[in-house]
Ligand code: MG
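Numbering (our numbering), first residue to last: -12 to 347.
Rendered as structure tokens:
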């Protein structure tokens, strides 16, 4: 079975509430969709968001990378040669990890459909259940408390609180949220590079002293400040999760060897897809470093690929796959079921998504 065509479409879905981090604000998902077709009539689907402030990828760059570099390199290749396809995908253009991720997941979707198995079973089997957190955007303290209470009411038992914009005020934010939601809800904190190393140690230390029971702190300092992150990791008890500092398997090796963080956040848009993400899983398994499966501001299609990888691999012990929970509606049919914080993977072949708008 040969890859015969790669087509592109675009999807826009409004968000329930604007997505605000220390890096950006967005009020809709506006992503590129990909359909990889074969000469035997099978098709697989992928998606890529333009997260310019993190990956550098834009709607235009994703489209051009696929149309001008990736599609001409892969069309004609045999689907059974998955290793050959993935190595050519990695080498046909540098960087452009979001474009690569969209095509990579569409090919994995196809591959699993060809084998007539759900993708998580092809990737390792693990479990068909995943529990995700929900992101609470940076806002006024009262709005964040209100959003947190609403999330708990909607069935989320884990919240990821975005901070990093106002230094010490973040301590008040988290205290007020903990007070409001009670002790049964898990709280994660994501500074999105918003603190410097000493500020981070001071804030995280204060959260510890107040007994706020924070499960982990994500990317406290700038992506390139590995020394700074190492300092934070060494001077706090709360586990530190590397996000923007880890794109590639090589980055994961550096972070682990330097002991710059305790945990690694894998996102398909940073790795360039599942094939490279599996390498990070293997490195993490060797060193016994647990991972989180994360996503950008994405709709259900690409988040489903992350959910399948998360379910497949035991080393991925945490999930931050809340894209579908942030969207106002679900434009797809089939695939994993997202219900509050619970994700149940499909038992149908591939990603299981049967209707993808834009390719009729
Ligand atoms: Mg993050």
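C-beta: ideal position from N, C-alpha, C; glycine also.
Can you check DSSP and say which residues form a bridge with residue i?
i: residue 286; result: Per DSSP, none; premise fails for residue 286.
i: residue 252; result: 279
i: residue -8; result: 24
i: residue 149; result: 177
i: residue 357; result: This structure gives no information on residue 357, because the portion of the chain shown stretches from -12 to 347.
i: residue 349; result: No answer is possible for residue 349: the residues shown for the chain start at -12 and end at 347.
i: residue 32; result: 22
i: residue 7; result: 12
i: residue 17; result: -1
i: residue 384; result: An answer regarding residue 384 cannot be provided, because it is not within the stretch -12 to 347 covered by the chain.
Roughly how many angstroms lie between the CA atoms of residue i and residue j, to the nearest whole one?
i: residue 88; j: residue 168; result: 36 Å
i: residue 177; j: residue 150; result: 6 Å
i: residue 4; j: residue 293; result: 23 Å
i: residue 61; j: residue 280; result: 27 Å
i: residue 98; j: residue 156; result: 49 Å
i: residue 11; j: residue 40; result: 8 Å
i: residue 42; j: residue 30; result: 27 Å
i: residue 96; j: residue 73; result: 13 Å
i: residue 249; j: residue 166; result: 27 Å
i: residue 303; j: residue 34; result: 22 Å
i: residue 57; j: residue 307; result: 29 Å
i: residue 45; j: residue -4; result: 14 Å
i: residue -7; j: residue 14; result: 29 Å
i: residue 8; j: residue 179; result: 7 Å
i: residue 172; j: residue 86; result: 36 Å
i: residue 321; j: residue 291; result: 11 Å
Relative to the C-alpha of residue i, which candidate in the options has its C-alpha closest?
i: residue 84; options: 326, 236, 336; result: 236
i: residue 288; options: 15, 24, 36, 26; result: 36
i: residue 299; options: 128, 108, 54, 336; result: 108
i: residue 70; options: 25, 307, 266; result: 266
i: residue 223; options: 317, 184, 312; result: 184
i: residue 102; options: 332, 66, 197; result: 66
i: residue 128; options: 188, 162, 301; result: 162
Ordered list of alpha helix (DSSP H) runs contained in the segment 167 to 221, each at least 4 residues:
184 to 196
Within the chosen definition, does the segment 133 to 140 reach the segment 16 to 26 through at least 3 CB pairs nearer than 8 Å?
no
Could you tell me whether the segment 47 to 56 touches the segment 111 to 131, using the rule of 3 or more Cβ pairs below 8 Å?
no
Quick check: the segment 117 to 126 against the segment 320 to 336, are at least 3 beta-carbon pairs closer than 8 Å?
Touching, yes.
Taking only runs of the alpha helix (DSSP H) that begin and end inside the segment 66 to 151, which ones reach a length of at least 4 residues, in chain order?
Runs of the alpha helix (DSSP H) inside the segment 66 to 151: 69 to 78, 84 to 102, 106 to 110, 128 to 140.
May I have a chain-ordered list of the alpha helix (DSSP H) segments no shorter than 4 residues that lie completely inside the segment 290 to 316?
310 to 313
The segment 225 to 242 / the segment 267 to 276 touching (three or more Cβ pairs under 8 Å)
The segment 225 to 242 vs the segment 267 to 276: in contact.
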